[in-house]
C-alpha cells in the first residue's frame, strides 16, 4: 500500500495515517488528516505537530499545541479558520419537520442568517459563535449556491479572510468550544503515538500548569521498528508510531 521508503509513520486507524519520507514533505492519507469538512485551524495544527512528532521531538509538538491554544484565546485566528465546510443533505422541509426534536448546527446557522430556502448538495461554511449561536460565514469570493438572493444580513462576512486585521471579520467564535475541538478531535489523533503520561503532559492546558508536570526533554513517541525485507538489516527499520 505504501509506495516508497519512509522514515516514520503514524497510523491513526485503518487508511488514516501520516508518513514522513526520508526526503520531501509530510504525506497525509485519510479523512482524519485531510478533509474538506475539517476546520482549517485543526488541520494546520496537525501539520505543525506531526513533523516533530515523527522526528521524536515532543517539546515541539507541545509548542504547536500551545501556539494554537494561544491564538484561539486571543482570537488571533480569522473566523474562516474555525469554520467548517458542510454539505447540506436535507431539504428545508425535511429539516423543519424534525426541528422540534433535534437542532443541527449547520441548518440552524442557515436559518439564523435569514435564509429559508436552500438546495440539497449545497455547501456552506458554518461555525459556533458565542452564547451558543450558530453562524453562517460567507466570503466575498463565494456565492450562495442555489440562491440568487443577496448575502443575508446576519451572515458573518470577512472582506479579506487572510488579513488578520480585517475589521469586517467578526471573530465572535466560541473560544472554549474550539479549544475542546482542538484537544478532543485534533490532538486526539496523535494519542496512539504517546504514552498516557506523555499525552497528558504534551496537551495540558498551558494556563493551568501542574506542580508535578512531566518533563518532556527525554520523552519519546512510542516506536515499533518495522523491517523491510528487501533492504539490508542495518537499513531496514523505518519507524512506526501507532
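Numbering (the working numbering), first residue to last: 1102 to 1343. Beta carbons are placed, not taken as given, at the ideal position from N, Cα and C, and that holds for glycine. Here the structure is a predicted model, which means the values were calculated and not measured.
Reference residue i; option with closest CA among the options
{"i": "residue 1311", "options": "1187, 1120 and 1302", "result": "1302"}
{"i": "residue 1149", "options": "1139, 1137, 1163 and 1138", "result": "1163"}
{"i": "residue 1143", "options": "1225, 1210 and 1185", "result": "1185"}
{"i": "residue 1180", "options": "1298, 1269 and 1123", "result": "1269"}
{"i": "residue 1189", "options": "1158, 1212 and 1165", "result": "1212"}
{"i": "residue 1141", "options": "1279, 1307, 1300 and 1297", "result": "1279"}
{"i": "residue 1111", "options": "1266, 1128 and 1123", "result": "1128"}
{"i": "residue 1125", "options": "1324, 1136, 1315 and 1152", "result": "1152"}
{"i": "residue 1297", "options": "1323, 1277 and 1276", "result": "1323"}
{"i": "residue 1325", "options": "1293, 1300, 1304 and 1305", "result": "1293"}
{"i": "residue 1276", "options": "1231, 1238 and 1314", "result": "1231"}
Proximity below 7 Å, CB of residue i to CB of residue j
{"i": "residue 1228", "j": "residue 1234", "result": "no"}
{"i": "residue 1274", "j": "residue 1183", "result": "yes"}
{"i": "residue 1121", "j": "residue 1108", "result": "yes"}
{"i": "residue 1193", "j": "residue 1218", "result": "yes"}
{"i": "residue 1119", "j": "residue 1134", "result": "yes"}
{"i": "residue 1169", "j": "residue 1283", "result": "yes"}
Whole-number beta carbon distance between residue j and residue i, since they are thought to touch under 8 Å
{"i": "residue 1290", "j": "residue 1147", "result": "7 Å"}
{"i": "residue 1167", "j": "residue 1307", "result": "5 Å"}
Boundaries of the beta strand (DSSP E) in which residue i is found, first to last residue
{"i": "residue 1114", "result": "1107-1114"}
{"i": "residue 1226", "result": "1224-1229"}
{"i": "residue 1186", "result": "1185-1188"}
Residue range of the unbroken alpha helix (DSSP H) whose run includes residue i
{"i": "residue 1163", "result": "1159-1174"}
{"i": "residue 1297", "result": "1297-1303"}
{"i": "residue 1154", "result": "1141-1156"}
Q. So does the segment 1315-1327 actually touch the segment 1173-1180, counting three or more Cβ pairs closer than 8 Å?
A. no
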